[in-house]
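Engineer: Here UniProt numbering is used: the first residue of the sequence shown is 1, the next is one more, and so on.
Just so it is clear, CB atoms sit at the ideal spot from N, CA and C, and this is done for glycine as well.
Keep in mind that this is a model prediction, so the values were computed, not measured.
Would you mind keeping the following structure in view while I ask a few things?
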Amino acid sequence: MYASNNIHLSCTEYDSDILETLKERESLRWNVRIPMAQVVNRSSMVALIRNIAEQYSFQRTSVHLAIYLSDVFLKHNRIVEERLNLVALTCFYIACKIEENEPKVPSPKRLCSFVENAYTPRDFIALEVVILNFFKWQVTVPTAATFLDFFALHSLQMDDVGNPADANFAEALFKHQKEIIKSSLVYLDLSLSYYRMSNLKPSLLAAACVAAARTGTNNMRAWNEHLTCVTGYSYEQLADICSTLVFELMPMVVAHASPVLSRKRSIADSGYLSALEDSDDSEDVYSSRSSDDGDSTISSRSCSSAERSKRRRHTSSSASSSEPGETCAKRQKVSYNLM
1 MYASNNIHLS
11 CTEYDSDILE
21 TLKERESLRW
31 NVRIPMAQVV
41 NRSSMVALIR
51 NIAEQYSFQR
61 TSVHLAIYLS
71 DVFLKHNRIV
81 EERLNLVALT
91 CFYIACKIEE
101 NEPKVPSPKR
111 LCSFVENAYT
121 PRDFIALEVV
131 ILNFFKWQVT
141 VPTAATFLDF
151 FALHSLQMDD
161 VGNPADANFA
171 EALFKHQKEI
181 IKSSLVYLDL
191 SLSYYRMSNL
201 KPSLLAAACV
211 AAARTGTNNM
221 RAWNEHLTCV
231 TGYSYEQLAD
241 ICSTLVFELM
251 PMVVAHASPV
261 LSRKRSIADS
271 GYLSALEDSD
281 DSEDVYSSRS
291 SDDGDSTISS
301 RSCSSAERSK
311 RRRHTSSSAS
321 SSEPGETCAK
331 RQKVSYNLM
């Protein structure tokens with residue numbers, strides 16, 4: 001299970017300045033278009049990072065940053081199969097140095113234990129320098145998890161719930177806010193495994209996760225003017241992504257009953273369950289940063305390879321009882337449920 005930082009359901013006078021800075025940093029992200037030949041490799045790397053983060057309670061922001069770094073490095077370098085896990089964990093190591101508290105950052109020796117000592121601490125240290133030089137040390141970039149921390153604060157307004165004069169208004173407000181944030185995080189986690197979303201602007205993806213979560217709340221509009229003002233996106237810009245999240249990714253969870261996504265979760269911004277709890281082509285959508293594809297190869301050493309996580313293949317079909325007309329009608333409902 002992941003660590004948790006509680007979302008404080010309040011805003012500060014600095015929110016707009018922080019978001020402006022994050023969007024400026026977002027524009028400097030590298031372009032991440034995963035070649036089809038690398039999709040299976042990416043899947044195994046994502047699975048490794050997520051499994052370790054879940055097992056040892058690392059932050060969600062560490063996971064997202066690590067996967068972004070590995071995506072970019074994977075695109076621009078030819079990596080032999082025996083070194084895929086080394087690259088994934090080294091990117092995770094760098095991300096933890098940025099996102100985790102210092103005592104939580106895993107040492108190179110501990111990284112080795114994650115893959116049954118398939119590599120040496122020296123391997124991780126050497127590759128860390130290679131990766132940092134590749135990125136020119138510009139690795140502090142915002143992810144969708146970062147933006148969702150802020151957008152969650154505005155995911156629900158009083159007029160979304162009902163009459164403030166009602167006796168149970170405060171209780172209903174908190175309940176709906178909790179449900180929306182929880183669902184937003186589930187959608188955000190699902191997006192990690194969907195490689196076509198790896199190149200979406202993080203702020204756009206985070207906003208779409210909020211919209212998708214709101215569509216699942218009874219009698220609530222998917223979007224409103226306040227959210228447009230806060231995020232900078234209209235629903236028209238989010239509709240296609242929202243539709244993919246709701247109708248393609250979420251049915252995978254329902255069909256396969258993922259134990260990770262079915263656990264009870266706290267209201268969290270950068271992580272999942274708190275340790276204290278018991279119970280493709282539009283230019284305006286993708287990042288602007290690009291780089292020459294000067295391929296390089298990471299050579300293989302004569303050491304045993306860590307066992308790779310196999311890609312779990314999911315079908316994105318809806319339940320057998322749903323007819324095409326019904327699915328179309330539901331998509332239209334999401335599209336029209338605007339303001």
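Excluding the five sequence neighbours on either side, which residues of its own chain have a C-beta within less than 6 angstroms of the C-beta of G216, listed in chain order?
Structural biologist: Result list for G216: S183, in chain order.
Engineer: L249 lies in the alpha helix (DSSP H); which residues open and close that run?
Structural biologist: Run containing L249: none; DSSP gives neither H nor E here.
Engineer: What residues are listed by DSSP as bridge partners for R214?
Structural biologist: Paired residue(s): none; R214 is not in a bridge.
Engineer: Indicate, with yes or no, if the ligand MG has a heavy atom lying under 7 angstroms from the CB of E236.
Structural biologist: Absent from the structure shown: the ligand MG. Ligands present: none.
Engineer: Kindly indicate which residue of V129, L132, A95, N85 has the alpha-carbon position closest to the one of C112.
Structural biologist: Closest by alpha carbon: N85.
Engineer: Could you tell me whether the stretch 28-48 touches the stretch 79-94, where touching means 3 or more Cβ pairs closer than 8 angstroms?
Structural biologist: As far as the Cβ criterion goes, the stretch 28-48 touches the stretch 79-94, which means the pair count is three or higher.
Engineer: So, at 8 angstroms on beta carbons, what are the nonlocal neighbours of S290 in its own chain, with the 5 sequence-adjacent residues on each side left out?
Structural biologist: Bear in mind that the predicted position of S290 carries a pLDDT of just 44, short of 50, making it unreliable; the figure below should be weighed with that in mind. W30, N31.
Engineer: Please list the terminal residues of the continuous alpha helix (DSSP H) segment that includes P121.
Structural biologist: 121-134 is the span of the alpha helix (DSSP H), which, as asked, contains P121.
Engineer: Should the stretch 238-246 be called in touch with the stretch 67-75, which here means at least 3 C-beta pairs below 8 angstroms?
Structural biologist: Because the criterion of three Cβ pairs below 8 angstroms is not met, the stretch 238-246 and the stretch 67-75 do not touch.
Engineer: Can you grab the Cα-Cα spacing for the pair E128 / E102, in whole Å?
Structural biologist: Distance between the alpha carbons of E128 and E102 is about 17 angstroms.
Engineer: Under 7 angstroms Cβ to Cβ from R100, same chain only, skipping five residues before and after it: list those, please.
Structural biologist: Arg is not the amino acid found at residue 100; the sequence shown has Glu there. Answer for E100: F58, Q59, S62, listed in chain order.
Engineer: Tell me which residue opens and which closes the alpha helix (DSSP H) that A118 is part of.
Structural biologist: Premise fails: A118 is in no alpha helix (DSSP H) and is neither H nor E.
Engineer: Using CA coordinates, which residue listed in M250, C209, L249, P202 is at the minimum distance from S27?
Structural biologist: Of the candidates M250, C209, L249, P202, the one whose C-alpha sits nearest the C-alpha of S27 is P202.
Engineer: Who are the Cβ neighbours of S234 in its own chain at under 6 angstroms, not counting the five residues just before and after it?
Structural biologist: Answer for S234: T228, listed in chain order.
Engineer: CA-CA distance, A211 and A152?
Structural biologist: Between A211 and A152, the C-alpha separation is close to 11 angstroms.
Engineer: Which whole-angstrom value is the C-beta distance of L132 and L188, which I expect to be below 8 angstroms?
Structural biologist: So it is not a contact: roughly 27 angstroms between Cβ atoms.
Engineer: Going by CA-CA distance only, name the one from I34, Y93, A222 that's closest to C209.
Structural biologist: Among I34, Y93, A222, the Cα nearest to that of C209 is on A222.
Engineer: By the 10 Å Cβ neighbour count, where 16 or more other Cβ atoms means buried, how is N41 classified, buried or exposed?
Structural biologist: Classification of N41: buried, given that the 10 Å Cβ count is 16 or more.
Engineer: Can you look up S282 in the DSSP assignment and give me helix, strand or coil?
Structural biologist: Residue placement at S282 cannot be trusted, given a pLDDT of 40 that sits under 50; the coordinates are not used to answer.
Engineer: Determine the contact status of A144 and S193, defining contact as a CB-CB distance below 8 angstroms.
Structural biologist: It is not a contact, given that the beta carbons lie outside the stated cut-off.
Engineer: Roughly how many angstroms lie between the CA atoms of V230 and H154, to the nearest whole one?
Structural biologist: Roughly 8 angstroms separates the two Cα atoms.
Engineer: Under three-state DSSP, which class holds I34?
Structural biologist: Residue state, collapsed to three classes: coil.
Engineer: In whole angstroms, what separates the C-alpha of Q55 from that of L156?
Structural biologist: Looking at the two C-alpha atoms, the distance is approximately 32 angstroms.
Engineer: Would you mind sorting M36 into buried or exposed? The rule is 16 or more other CB atoms within 10 Å of its CB.
Structural biologist: Exposed.
Engineer: Excluding the 5 residues preceding and the 5 following L245 in the sequence, name in chain order all residues of the same chain whose CB lies nearer than 6 angstroms to its CB.
Structural biologist: These residues qualify, in order along the chain: Y187, A212.
Engineer: Beta carbon of P142, beta carbon of L22: below 8 angstroms?
Structural biologist: Yes.
Engineer: Where H176 and N224 are concerned, what is the direct C-alpha to C-alpha distance, given to the nearest angstrom?
Structural biologist: Rounded to the nearest angstrom, the two C-alpha atoms are 16 angstroms apart.
Engineer: So what does DSSP say about L200, is it helix, strand or coil?
Structural biologist: Strand.
Engineer: Could you give the distance in angstroms between the alpha-carbon of A126 and the alpha-carbon of F73?
Structural biologist: Computed Cα separation, rounded: 15 angstroms.
Engineer: Determine the contact status of T140 and I98, defining contact as a CB-CB distance below 8 angstroms.
Structural biologist: Yes, Cβ-Cβ distance for T140 and I98 is below 8 angstroms.
Engineer: Which word fits R50, buried or exposed, when buried means at least 16 other C-beta atoms lie within 10 angstroms of its C-beta?
Structural biologist: By the 10 Å Cβ count, R50 comes out buried.
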